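A.B. asks: In the working numbering, the protein residues as written are 15 to 222.
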Amino acid sequence: MANNEFPGSEDEKSVFFIYQNLLMFEESLRQEYISLYLRRRKYSKVFFLWILSWIVYFFYGVFIVPSNYYYVSLLYRLCLLAGIITLLLFYLSGLYSKTLMLPLKFIPYTNKCLHPYNLKIVPNRTVKSRFFRLLPYRLLARPNYGEGGVRLVLLSKGFDRSFCEGWEMFRQEYWTSEQNRLMQKRDKKRTETISKYSERFSKKKKKE
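Here is the structure:
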């Protein structure tokens with residue numbers, strides 16, 4: 015991030031500190047959004063799909079192709095009942111709303127609260143191709159720092175155009191510097207790992 019000593023007039027310094035506060039506010043919203051998104055993905059892909067598969071499987075075994083053996087049929091019925099009860103408890107306990115619905119409502123609800131301040135947040139998806147979105151994080155050569163979160167937008171009706179443009183430039187410069195810092199950190203870690211394994215390999219060769 016830029017240095018705290020900002021050359022210029024007092025007005026320029028005030029604008030700079032406003033940008034800093036907006037950036038910290040945006041980062042807190044971004045972290046909250048990512049946390050909710052990861053929670054939703056965890057429950058939707060792991061728990062929710064698993065319990066639905068459980069119910070479908072035992073429903074098929076009870077009503078579609080029932081077993082001729084009494085105890086097997088009874089076991090299937092009990093498993094089906096347990097799955098249905100688990101699904102009902104998941105919904106009635108409020109976990110369904112907190113884990114699957116709340117992340118979807120985060121942006122509309124936040125924008126409703128920010129509207130009086132002439133602010134809003136929008137998803138920040140810079141990778142347009144669905145193919146690249148499916149790739150693991152490590153396979154991306156230069157992952158964008160702000161990708162996958164949200165960004166704070168200043169509405170033109172409440173702010174001067176030059177102020178809005180300055181905010182966009184300030185944030186982009188910060189993201190670029192953070193991206194470069196993370197890339198350097200990752201490259202340094204990779205270099206240290208390679209050096210470590212090279213030393214082990216050299217010692218092993220000497221022993222042989």
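Positions of the beta carbon are idealized from the N, C-alpha and C atoms, including for glycine. The structure presented is a predicted model; accordingly, all values stated were derived computationally and were not measured.
Just verifying my parser: in three-state terms, what is the DSSP assignment at Leu168?
C.D. replies: Looking at Leu168 - three-state DSSP - the assignment turns out to be strand.
A.B. asks: List the residues that DSSP assigns as beta-bridge partners of Val224.
C.D. replies: Outside the modelled stretch of the chain, which goes from 15 to 222, sits residue 224, for which no answer is possible.
A.B. asks: Measure the Cβ-Cβ separation of Leu166 and Leu133 and say whether it is below 8 angstroms.
C.D. replies: Cβ atoms of Leu166 and Leu133: closer than 8 angstroms.
A.B. asks: Using only CA atoms, which one of Pro137, Pro130, Glu206 lies nearest to Gly172?
C.D. replies: When only C-alpha atoms are compared, the closest one is Pro130.
A.B. asks: Could I get the ranges of all uninterrupted alpha helix (DSSP H) runs contained in the stretch 51–102, with 4 residues as the minimum, in chain order?
C.D. replies: Counting whole runs of 4 or more residues, the stretch 51–102 contains the alpha helix (DSSP H) stretches 63–73.
A.B. asks: Quick check: what's the CA-CA separation for Leu94 versus Ile208?
C.D. replies: Cα-Cα distance, rounded: 52 angstroms.
A.B. asks: For a quick check, are the C-beta atoms of Gly180 and Val29 less than 8 angstroms apart?
C.D. replies: Result yes, Cβ atoms of Gly180 and Val29 sit closer than 8 angstroms.
A.B. asks: Considering just the uninterrupted stretch of the alpha helix (DSSP H) at Phe120, what are its terminal residues?
C.D. replies: Its alpha helix (DSSP H) spans residues 116–128.
A.B. asks: Counting only runs that start and end within the stretch 174–203, where is the beta strand (DSSP E) found for 3 or more residues in a row?
C.D. replies: Entirely contained in the stretch 174–203, not one beta strand (DSSP E) run reaches 3 residues.
A.B. asks: Tell me, to the nearest whole angstrom, how far the beta carbon of Phe72 is from that of Tyr90; I am working on the premise that it is less than 8 angstroms.
C.D. replies: About 5 angstroms separates the two Cβ atoms, so the contact holds.
A.B. asks: Find out if the Cβ-Cβ distance for the pair Arg53, Val164 is shorter than 8 angstroms.
C.D. replies: Cβ atoms of Arg53 and Val164: not closer than 8 angstroms.
A.B. asks: Can you find the residues in the same chain that come closer than 8 angstroms, C-beta to C-beta, to Val76, ignoring five residues on each side of it along the sequence?
C.D. replies: Result list for Val76: Ser87, Tyr90, Arg91, Leu94, in chain order.
A.B. asks: Looking only at its chain, what residues have a beta carbon closer than 8 angstroms to the beta carbon of Phe39, apart from the 5 residues adjacent to it on each side?
C.D. replies: So the list reads Leu166, once near-sequence residues are dropped.
A.B. asks: Please classify Ser49: does DSSP put it in a helix, a strand, or coil?
C.D. replies: If DSSP states are grouped into helix, strand and coil, Ser49 belongs with the helices.
A.B. asks: Rounded to the nearest angstrom, what separates Arg185 and Asn138 at their Cα positions?
C.D. replies: So the two alpha carbons sit approximately 13 angstroms from each other.
A.B. asks: Tell me the rounded alpha-carbon separation between Ala96 and Lys119.
C.D. replies: About 30 angstroms.
A.B. asks: Taking Phe104 as the reference, give the member of Gln198, Ser81, Leu66 with the closest Cα.
C.D. replies: For Phe104, the nearest C-alpha among the options comes from Leu66.
A.B. asks: Taking all protein chains shown into account, do 16 or more other C-beta atoms lie within 10 angstroms of the C-beta of Tyr84, making it buried, or fewer, making it exposed?
C.D. replies: When all chains shown are included, Tyr84 counts as exposed.
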